[in-house]
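Below you'll find the structure, written out as structure tokens, and then a few comments.
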Amino acid sequence: IKGVIVKVDDLIDQIKVDQKDRGKQEEPLSMNIYNVRGNADKSTTELNGHFIHSLLLIDVLIRMKSTDTDKKKLIQVCKDEYTDNDHQLEIVSEFERHYQSKKAIWWYTRDAFLYSMLNKALRVQNTELLLLFRFVIHDIYERLKKYQCQRPIQVYRYQPMSTDELNALRQSIGQFISINSFFSTSADRDVALRFLKHSAISNDLHPILFIIDADPRVVKSKPFADISSHSYFPQECEILFMVGCIFRLIDIYRDDNEQIWIIKMQLAEDNDHDLKKLFNQLKADYGGGENETNLQSFGDVLQLMGKYDSAEKIYSDLHKTSPSDDTSFCHLCFSFGMLYKERKDYDRSLQWFQRALDRKTRTNPTDFVYIGGLYCCIGNIYMEKNGYNEAIKYYNTAMDYYKCANATNHPYMASLYHGNARICCAQKQYTEALNYYQRSLVIQQEHLPSNHPDMAINLIGIGDVYRNVGKYQLAMDNYKTSLDIRIKSLPPQHQDIASNVRSIGLLYETMNNLKEALEYYKKAASIYRQSLSSENSNVVEIQKDMQRIMSKLK
Numbered sequence: 001i002k003g004v005i006v007k008v009d010d011l012i013d014q015i016k017v018d019q020k021d022r023g024k025q026e027e028p029l030s031m032n033i034y035n036v037r038g039n040a041d042k043s044t045t046e047l048n049g050h051f052i053h054s055l056l057l058i059d060v061l062i063r064m065k066s067t068d069t070d071k072k073k074l075i076q077v078c079k080d081e082y083t084d085n086d087h088q089l090e091i092v093s094e095f096e097r098h099y100q101s102k103k104a105i106w107w108y109t110r111d112a113f114l115y116s117m118l119n120k121a122l123r124v125q126n127t128e129l130l131l132l133f134r135f136v137i138h139d140i141y142e143r144l145k146k147y148q149c150q151r152p153i154q155v156y157r158y159q160p161m162s163t164d165e166l167n168a169l170r171q172s173i174g175q176f177i178s179i180n181s182f183f184s185t186s187a188d189r190d191v192a193l194r195f196l197k198h199s200a201i202s203n204d205l206h207p208i209l210f211i212i213d214a215d216p217r218v219v220k221s222k223p224f225a226d227i228s229s230h231s232y233f234p235q236e237c238e239i240l241f242m243v244g245c246i247f248r249l250i251d252i253y254r255d256d257n258e259q260i261w262i263i264k265m266q267l268a269e270d271n272d273h274d275l276k277k278l279f280n281q282l283k284a285d286y287g288g289g290e291n292e293t294n295l296q297s298f299g300d301v302l303q304l305m306g307k308y309d310s311a312e313k314i315y316s317d318l319h320k321t322s323p324s325d326d327t328s329f330c331h332l333c334f335s336f337g338m339l340y341k342e343r344k345d346y347d348r349s350l351q352w353f354q355r356a357l358d359r360k361t362r363t364n365p366t367d368f369v370y371i372g373g374l375y376c377c378i379g380n381i382y383m384e385k386n387g388y389n390e391a392i393k394y395y396n397t398a399m400d401y402y403k404c405a406n407a408t409n410h411p412y413m414a415s416l417y418h419g420n421a422r423i424c425c426a427q428k429q430y431t432e433a434l435n436y437y438q439r440s441l442v443i444q445q446e447h448l449p450s451n452h453p454d455m456a457i458n459l460i461g462i463g464d465v466y467r468n469v470g471k472y473q474l475a476m477d478n479y480k481t482s483l484d485i486r487i488k489s490l491p492p493q494h495q496d497i498a499s500n501v502r503s504i505g506l507l508y509e510t511m512n513n514l515k516e517a518l519e520y521y522k523k524a525a526s527i528y529r530q531s532l533s534s535e536n537s538n539v540v541e542i543q544k545d546m547q548r549i550m551s552k553l554k
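In UniProt numbering, the protein residues as written are 1 to 554.
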């Protein structure tokens, strides 16, 4: 017996609260762990990979304006989702008629479609749905900032957790955790434990109590607020943390008296972890900097994450609605060019880079650095198509533009040197190739954080040179350093990680260590299959690699 309640209204309210608690208890907690001791094994790839991109994705969303069309699309998606649920459809209709920004928290905390769909979209990173939900995410963010807690607090959250999840956290004490959804906690320990006292936990789950210290005087990057007076359930003493809050994992131990695991965390400032420089650089490169963002920025972030289909859909929608004389059209053409380059569709990539170049030379012919960059991009495509003479011609033109702008140490020069290095490597001019790779790397080191994904490109190239000249240990050192950078800065399913793993496999094959080679080829194939179609050239080539090794092992 949970309690004796006399009034019917009180009973109904209690049933609603219990139902909401049960829903939260059954809902998995999605988090990313940033392991500062990262290495090249699989578990660390999964821990670090999503951390930076989840933060970047939310940052772009909350700085993007929404439109009435977005709300209409979201309403229709919600109606389609609950087409057989009359009760939820009534709430969706109510939301359509009465939603206001100032009531965002009230709507979010209501045990209805919005809470369920938004949190699921955040957990699984359904980017199309998150794009439609962005006005709600933004409104909650603004409300949390307005009601921000002003004094240090200690809050609690009860959460069942699997053995694997618990062990992953136990191995990460001292590391940083970001929560992928809005993080609901209670200022009252008894409220947090209420559901535990009246429910049975299955054998494969452990009862967990999070104890979190948060000091708003120290941490100002993400808001958290006491939403009791703004919630649909005002009696709960609820403290809500913004999605993407970062916590340091302080301690984990078992309380034998209460038969529960205790996880102590502390809200951390963004500057506390060494990804801050990388985050700011990626934000500047892809996320619109500090300015208001738009669909173009969102598409660029998706492309960075390796979500090429989603990025292409956004670019295509923009292309349909943006006039060719729009100032952003050149950037859109460039984004298309980069997208198709990543997909190895070099003919289409070339077409879009050429359109960007034509547009830029007509509208802003004195932007020598940007134009030089486009010539370099076109040169890169010809190099990929083995048109080395044509590539060199475009690289030389790019250099002329950089000289005109007095920008021979500009970050774009790194790409130019890298392209020349690859041509030299293809022509077996390894000394010249190594020189170009190292010059490219020096420029990157001057302008980029040490864990920026672009840094990995030259390290791979240097590794290729050493592999080809028989310096296998130097090759391995560069491949593994490159892989470590990519693990920390790219999602785990990104094709560049697979490419890096494949390079290590190729090195082992060159050394005639066939079992190790096959192991790495299998890892690469597994990653490729998560993000690429079976017809993609990378998937086809890795299959050939595995078949070749297996035939040698017979």
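We put the CB at the ideal spot given by N, CA and C, even for glycine.
Residue pairing by DSSP places D255 opposite I260 in a beta bridge. Of the candidates V155, R189, R123, V136, R123 places its Cα closest to the Cα of N180. If you compare the alpha carbons of T185, K146, P453, K515 with that of K102, the shortest gap goes to K146.
A distance of 8 Å or more separates the beta carbons of Y430 and G461. If only uninterrupted beta strand (DSSP E) runs of at least 3 residues are considered, those enclosed by the region 133–185 are 153–162, 176–179. Below 8 Å, too few C-beta pairs join the region 67–87 and the region 275–288 to call them touching: fewer than three. Per DSSP, reduced to three states, the secondary structure at T327 is coil, with no helix or strand assignment. Judged by DSSP in its simplified three-state form, I227 adopts coil rather than helix or strand. DSSP lists S184, A225 as the bridge partner or partners of L240. Leaving aside the five residues that flank G419 on each side, the residues in its chain whose CB is nearer than 8 Å to its CB run, in chain order, C376, G379, N380, M383, A391, Y395.
Contact between L374 and A356 holds, with the beta-carbon distance rounding to 6 Å and staying under 8 Å. Ranked by Cα distance from K360, the first of G337, D464, C330 is C330. With contacts defined as CB atoms closer than 8 Å, I211 and Y156 qualify as a contacting pair.
When rounded, the separation of the alpha-carbon atoms in S228 and Y417 is 58 Å.
The three-state reading of DSSP puts P491 in coil, since its state is none of H, G, I, E or B.
The residues P216, in chain order, have a CB closer than 8 Å to that of Q150 in the same chain once the five nearest residues on each side in sequence are set aside.
Looking at the DSSP output, R248 shares a beta bridge with F176, Q266. Taken atom to atom, the span from the alpha-carbon of D251 to that of Q171 is near 10 Å. Excluding five sequence positions before and after E128, the CB atoms of its chain that fall closer than 7 Å to its own CB belong to S310, given in chain order. Non-local C-beta neighbours of W106 in its own chain, meaning closer than 7 Å and more than five positions away in sequence, comprise H230, S231, Y232, ordered along the chain. DSSP places L209 in the uninterrupted beta strand (DSSP E) bounded by 205–214. Between the region 187–194 and the region 236–256, the count of Cβ pairs shorter than 8 Å is three or higher; the stretches touch. Annotation for G463: A475, N478, Y479 place their beta carbon closer than 6 Å to its own, counting only its chain and skipping 5 residues before and after. For Y34, the enclosing beta strand (DSSP E) has its first and last residue at 31–34. With a cutoff of 8 Å on beta-carbon distance, I52 and G244 are scored as not near each other. Using a Cβ distance threshold of 8 Å, A225 and L144 count as a contacting pair. Ranked by how close their Cα comes to the Cα of Q351, the residues T83, K73, Q281, S335 have S335 in first place.
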